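Chemist: The structure under discussion is supplied below as structure tokens; questions concerning it will follow.
See below:
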């Protein structure tokens with residue numbers, strides 16, 4: 137869970153190699169404490185911040201001074217990650233299994249207090265990192281981020297960009313026709329558009345490129 141929080145918050149606006157470095161650095165720091173970051177809960181992440189001296193010290197230890205916006209005095213992404221962990225912990229969402237159980241309903245994912253509190257965190261109002269988080273913990277659904285919108289617009293050869301509502305519906309409809317999991321199709325398109333290693337869809341199966 138901790139890694140999903142960090143990945144989702146840090147991914148926006150940055151190269152994924154940098155995000156990978158951040159996640160790996162967190163793993164190293166937890167390994168020094170004889171802990172396994174891959175099993176860290178939301179509360180484990182909160183406690184790591186506390187032990188290491190807060191947001192500023194977390195920034196120094198992870199060597200990532202990224203901020204939530206381009207404004208000079210914008211909050212560090214580390215602050216947003218901590219607040220996101222607090223939101224999840226406050227609602228007893230500590231593990232990936234908790235998230236899959238409590239956020240299974242589309243209405244809950246989009247309109248719940250949990251989603252609203254996440255989006256109220258500095259720099260998270262668009263809901264993009266919330267959708268990334270849902271994807272990372274394996275919850276089905278297509279996110280309407282700029283990469284998906286761009287892909288659909290280009291695929292349809294539209295002169296005008298498709299809407300945030302139209303793009304996800306198009307991807308989900310195509311996934312049904314191809315008989316593939318639409319979250320897999322979404323994730324493949326997202327990684328392809330962002331220049332990350334991606335999965336190639338082959339009929340109803342998914343094979344590594």
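Numbering (our numbering), first residue to last: 137 to 345. C-beta atoms are modelled at their ideal positions from N, C-alpha and C, and glycine is treated no differently. Given the structure is predicted, the values throughout are model-derived calculations rather than measurements.
List the DSSP bridge partners of residue 212.
Modeler: Per DSSP, 203.
Chemist: So, at 7 Å on beta carbons, what are the nonlocal neighbours of residue 216 in its own chain, with the 5 sequence-adjacent residues on each side left out?
Modeler: Counting only Cβ-Cβ distances below 7 Å, and skipping sequence neighbours, we find 145, 204, 257, 258, 259, 260.
Chemist: Quick check: the Cα distance between residue 238 and residue 223, rounded to an integer number of angstroms?
Modeler: Going by the C-alpha atoms only, they are around 13 Å apart.
Chemist: Could you tell me whether the Cβ atoms of residue 188 and residue 197 are closer together than 8 Å?
Modeler: Their beta carbons are under 8 Å apart, which means residue 188 touches residue 197 by this criterion.
Chemist: Is it the case that the Cβ atoms of residue 152 and residue 330 are separated by a distance below 8 Å?
Modeler: It is a contact, given that the beta carbons lie within the stated cut-off.
Chemist: Quick one: what does DSSP say residue 170 is sitting in, helix, strand or coil?
Modeler: Note: residue 170 maps to coil in three-state DSSP.
Chemist: Just to confirm the assignment, what range does the alpha helix (DSSP H) spanning residue 147 have?
Modeler: First-last of the alpha helix (DSSP H) with residue 147: 138-147.
Chemist: Buried or exposed: which applies to residue 340, given that a residue is buried once 16 or more other Cβ atoms fall within 10 Å of its Cβ?
Modeler: Note on residue 340: pLDDT 41, under 50, position unreliable in the model; no value is reported.
Chemist: Cα separation between residue 173 and residue 265?
Modeler: If you take the alpha carbons of residue 173 and residue 265, they lie about 20 Å apart.
Chemist: What are the start and end residues of the alpha helix (DSSP H) that includes residue 267?
Modeler: Where residue 267 is concerned, the enclosing alpha helix (DSSP H) stretches over 264-272.
Chemist: According to DSSP, simplified to helix, strand and coil, what is residue 255?
Modeler: DSSP places residue 255 in helix when its eight states are reduced to three.
Chemist: Check whether the Cβ atoms of residue 140 and residue 273 sit closer than 8 Å, and answer yes or no.
Modeler: A contact, by the Cβ cut-off of 8 Å.
Chemist: At the level of alpha carbons, what is the spacing between residue 326 and residue 302?
Modeler: If I take the Cα positions, the gap works out to 16 Å.
Chemist: What would DSSP say about residue 323, mapped onto helix, strand or coil?
Modeler: Residue 323: helix per DSSP, three-state reduction.
Chemist: Using 8 Å as the cut-off, can you tell me whether the segment 297-311 makes contact with the segment 161-179, which would need three or more C-beta pairs spanning the two stretches below that distance?
Modeler: Flag = no, the segment 297-311 and the segment 161-179 do not touch.
Chemist: Do residue 137 and residue 232 have their beta-carbon atoms positioned less than 8 Å apart in this structure?
Modeler: Going by C-beta atoms, residue 232 is nearer than 8 Å to residue 137.
Chemist: Take residue 284 as the anchor and find which of 251, 306, 269 has the nearest alpha-carbon.
Modeler: That would be 306, whose Cα lies nearest to the Cα of residue 284.
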